[in-house]
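Note that the numbering used here has the sequence shown beginning at 93, numbered continuously upward. Even glycine gets a Cβ: it sits at the ideal position worked out from N, Cα and C. A short write-up of the structure that comes next.
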Amino acid sequence: MMIKIGFVVNPYAGSGGRTGLKGSDNLKILNPETPNKVGRFLSLAPKENVIYITPSGRMGEYYFANYKNIKRIVMRDVGSKEVTDSEDTVIAVREAIRLGAEIIIFAGGDGTARDVVKGLGENKNIPILGIPTGVKMHSGVFAETPEAAAKILDDIVRGDFQLVEAEILDVDEDEYRRGNYVAKLYGYALTIKSKYIVPSKEEIKSNPEELEEIAAYIIENMIDGVYYIMGPGSTVKYIERKLGIETNFLSTDILLNKKLIKNNVNYMDLLKIQGDLKIIITPIGSQGFLFGRGNQEIGPEVIRKAGKSNIIVVSTKEKIRSIECLRIDTGDPSLDEALKGVYRVVIGYDEFYAIRTC
93 MMIKIGFVVN
103 PYAGSGGRTG
113 LKGSDNLKIL
123 NPETPNKVGR
133 FLSLAPKENV
143 IYITPSGRMG
153 EYYFANYKNI
163 KRIVMRDVGS
173 KEVTDSEDTV
183 IAVREAIRLG
193 AEIIIFAGGD
203 GTARDVVKGL
213 GENKNIPILG
223 IPTGVKMHSG
233 VFAETPEAAA
243 KILDDIVRGD
253 FQLVEAEILD
263 VDEDEYRRGN
273 YVAKLYGYAL
283 TIKSKYIVPS
293 KEEIKSNPEE
303 LEEIAAYIIE
313 NMIDGVYYIM
323 GPGSTVKYIE
333 RKLGIETNFL
343 STDILLNKKL
353 IKNNVNYMDL
363 LKIQGDLKII
373 ITPIGSQGFL
383 FGRGNQEIGP
393 EVIRKAGKSN
403 IIVVSTKEKI
413 RSIECLRIDT
423 GDPSLDEALK
433 GVYRVVIGYD
443 EFYAIRTC
């Protein structure tokens with residue numbers, strides 16, 4: 093039986109990630125990483141018994157150039173504008189459904205997920221699946237990686253799947269850039285029940301005593317002459333505050349000799365570091381991401397330069413115990429593979445918790 097798939101790409105999603113802008117809702121900059129990520133999905137996605145219904149241009153058709161063997165219907169009147177917007181996503185989803193789409197697969201972030209749900213309208217029985225290419229991906233409809241999305245589609249084609257309702261979340265980007273995490277529930281959508289689907293983000297309150305212990309241990313063991321890349325998140329920022337550094341909750345910062353060198357850095361800033369470096373990060377609550385969500389400025393080449401042994405993971409006990417396994421999506425599959433294994437998470441003063449990657 094042939095399965096019809098609505099396939100929609102937001103070409104601008106994620107363009108604010110490496111630049112440290114924390115979102116791309118109002119940016120109209122093509123994300124140079126999107127073709128690679130969509131290609132990673134299409135290269136592994138099933139080619140038999142499927143037909144893609146997709147917009148023209150960079151909202152869909154563009155990415156099939158190297159996959160002539162994939163059957164597709166191109167909606168010529170959708171996505172043909174030089175600059176597309178959220179309304180084009182809504183129209184693309186509606187038109188794909190009119191042409192018989194049984195599932196909507198989209199590439200983007202939370203903003204795109206909201207547009208897709210708007211496009212569903214009354215067709216709430218149609219499931220959606222997100223290929224993660226955005227900056228903000230707090231909703232529970234995103235696959236872990238493009239490859240994971242392909243595996244999920246393979247399960248669908250084989251009829252080996254169940255549907256589940258998931259939250260559609262998004263944050264106010266202006267507040268987000270100011271360091272205020274204000275998530276709003278925009279509704280629910282059906283998605284696929286799978287170990288490859290990442291749960292929606294959950295904020296877990298920090299224990300002040302644990303934060304004190306973690307900060308004391310990290311500060312005591314900081315090495316002079318080594319650059320420290322301090323990722324976002326309340327646990328890491330608490331360490332900085334104990335050093336007398338006031339910084340944004342969502343900022344990635346550079347420290348040297350326990351002093352702030354530069355705050356709110358981007359990928360290019362980090363690439364300029366000359367010298368030994370370590371990365372201090374905390375996983376995202378319930379999702380468990382170390383890299384690829386909320387800290388895209390810490391890109392692949394920076395992580396490679398530091399090396400796995402110089403990645404220091406910190407977390408409160410409640411948060412780390414809420415995480416089944418750690419996830420990594422650097423944008424480079426070979427690096428993701430190299431970073432797999434067991435991590436020794438600092439959860440107190442000279443106290444550790446071992447947790448494996450998914």
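Straight-line gap, Asp247 to Gln254 (C-alpha atoms, nearest Å): As a working note, residue 247 is residue 155 in the sequence shown. As a working note, residue 254 is residue 162 in the sequence shown. Computed Cα separation, rounded: 10 Å.
Could you tell me whether the segment 413-428 touches the segment 384-404, using the rule of 3 or more Cβ pairs below 8 Å? yes
Exposed or buried, what is Gly440 when buried is set at 16 or more other beta-carbons lying within 10 Å of its beta-carbon? Sequence index remark: in the sequence shown, residue 440 carries index 348 (1-based). Classification of Gly440: buried, given that the 10 Å Cβ count is 16 or more.
Inside the segment 155-186 only - alpha helix (DSSP H) runs reaching at least 4 residues: none
When the Cα of Glu194 is compared with those of Leu347, Leu369, Gly98, Lys350, which residue comes out closest? Numbered from its first residue, the sequence shown carries residue 194 at position 102. Looking at the Cα atoms, Gly98 is the closest of the given residues.
Do Ile321 and Leu369 come within 9 Å of each other at the CB atom, strictly closer than that value? For the purposes of this step, residue 369 is taken as residue 277 along the sequence shown, with counting starting at 1. For the purposes of this step, residue 321 is taken as residue 229 along the sequence shown, with counting starting at 1. Closer than 9 Å, so yes.
Check Arg396 in the structure and name its three-state DSSP category. If you number the sequence shown from 1, residue 396 lands on position 304. If DSSP states are grouped into helix, strand and coil, Arg396 belongs with the helices.
As a quick exercise: from Ile403, Val318, Lys243, pick the residue whose alpha carbon is nearest that of Ile372. For this step, residue 372 is matched to residue 280 along the sequence shown. The candidate whose alpha carbon is nearest that of Ile372 is Ile403.
To which residues does DSSP link Tyr144 through a beta bridge? Residue mapping note: residue 144 aligns to position 52 of the sequence shown, counting from 1. Answer is Ile97, Arg164, bridged to Tyr144.
First through last residue of the alpha helix (DSSP H) which encompasses Glu443: Taking the first residue of the sequence shown as 1, we reach residue 443 at position 351. No alpha helix (DSSP H) holds Glu443; the beta strand (DSSP E) holding it covers 443-448.
Run the CB neighbour count on Asn158, radius 10 Å, all protein chains shown included, and call it buried at 16 or more, exposed below. Residue 158 sits at position 66 when you count from the first residue of the sequence shown. Exposed, since its Cβ has fewer than 16 Cβ neighbours within 10 Å.
Ala281 - DSSP class collapsed to helix/strand/coil: Against the sequence shown, residue 281 aligns to sequence position 189. Three-state DSSP puts Ala281 in a strand.
Can you check which of these residues, Gly391, Ala281, Ala307, is closest to Ser407 by C-alpha distance? For the purposes of this step, residue 407 is taken as the residue at position 315 of the sequence shown. Minimum Cα distance to Ser407 is reached at Ala307.
What three-state label does DSSP hand Glu125 in the structure shown? Mapped onto the sequence shown, residue 125 falls at position 33. In this structure, Glu125 counts as coil in the three-state DSSP scheme.
Return the chain-ordered ranges of every beta strand (DSSP E) run that is complete within the segment 220-245 and spans a minimum of 3 residues. 220-224
Reference Thr449; option with closest CA among Gly391, Asn349, Tyr288: Start at 1 with the first residue of the sequence shown, and residue 449 comes out as number 357. When each option's Cα is compared against that of Thr449, the closest is Tyr288.
Give, in chain order, every unbroken run of the beta strand (DSSP E) that is at least 3 residues long and sits entirely within the segment 324-388. 345-348, 351-354, 369-373, 381-383
From the DSSP output, which residues share a beta bridge with Val438? Translated into positions along the sequence shown, residue 438 becomes position 346. In DSSP, Val438 forms a bridge with Val406, Phe444.
If the criterion is Cβ atoms closer than 9 Å, does the pair Leu277 and Glu302 meet it? For the purposes of this step, residue 277 is identified with residue 185 of the sequence shown, where counting begins at 1. For the purposes of this step, residue 302 is identified with residue 210 of the sequence shown, where counting begins at 1. Their beta carbons are not under 9 Å apart, which means Leu277 does not touch Glu302 by this criterion.
From the DSSP output, which residues share a beta bridge with Leu261? Within the sequence shown, residue 261 is the residue found at index 169, counting from 1. DSSP, once it has assigned bridges, lists Leu277 as partnering Leu261.
For Lys350, tell me which candidate among Lys329, Ile220, Ile315, Gly367 has the shortest Cα-Cα distance. Position 258 of the sequence shown holds residue 350. Comparing Cα-Cα distances from Lys350 to each of Lys329, Ile220, Ile315, Gly367, the minimum goes to Ile315.
Excluding the 5 residues preceding and the 5 following Gly325 in the sequence, name in chain order all residues of the same chain whose CB lies nearer than 7 Å to its CB. Against the sequence shown, residue 325 aligns to sequence position 233. So the list reads Thr374, once near-sequence residues are dropped.
Do Ala188 and Gly222 have their C-beta atoms within less than 9 Å of each other? Here residue 188 refers to the residue found at position 96 of the sequence shown. Here residue 222 refers to the residue found at position 130 of the sequence shown. The answer is no: Cβ separation not under 9 Å.
Any contact between the segment 222-235 and the segment 175-190? By contact I mean 3 or more CB pairs, one from each, below 8 Å. no
To which residues of the same chain is Gly201 closer than 6 Å at the C-beta, ignoring the five residues directly before and after it? As a first step, residue 201 is located in the sequence shown; it is residue number 109 there, counting from the start. For Gly201, where only same-chain residues beyond five positions count, the Cβ hits under 6 Å are Ala105, Gly226, Val227, Lys228, Met229.
If I measure Cβ to Cβ from Ser286 and keep anything under 6 Å in the same chain, skipping five residues before and after, which residues do I get? By 1-based counting over the sequence shown, the position of residue 286 is 194. Ile244, listed in sequence order.
Assign Arg150 to one of two classes, buried (16 or more other C-beta atoms within 10 Å of its C-beta) or exposed (fewer than that). Within the sequence shown, the letter at position 58 stands for residue 150. Flag for Arg150 reads buried.
Would you say Ile390 and Thr344 are within 9 Å of each other, going by their C-beta atoms? In the sequence shown, the residue the question calls residue 390 occupies position 298. In the sequence shown, the residue the question calls residue 344 occupies position 252. Yes.
Same chain, Cβ closer than 8 Å to Asn217, neighbours up to 5 away in sequence not counted: Walking along the sequence shown from the start, residue 217 turns up at place 125. Taken in chain order, the residues that qualify are Leu282.
For Glu321, which three-state DSSP category applies? As a first step, residue 321 is located in the sequence shown; it is residue number 229 there, counting from the start. Inspection of the sequence shows that residue 321 is occupied by Ile rather than by Glu. In this structure, Ile321 counts as strand in the three-state DSSP scheme.
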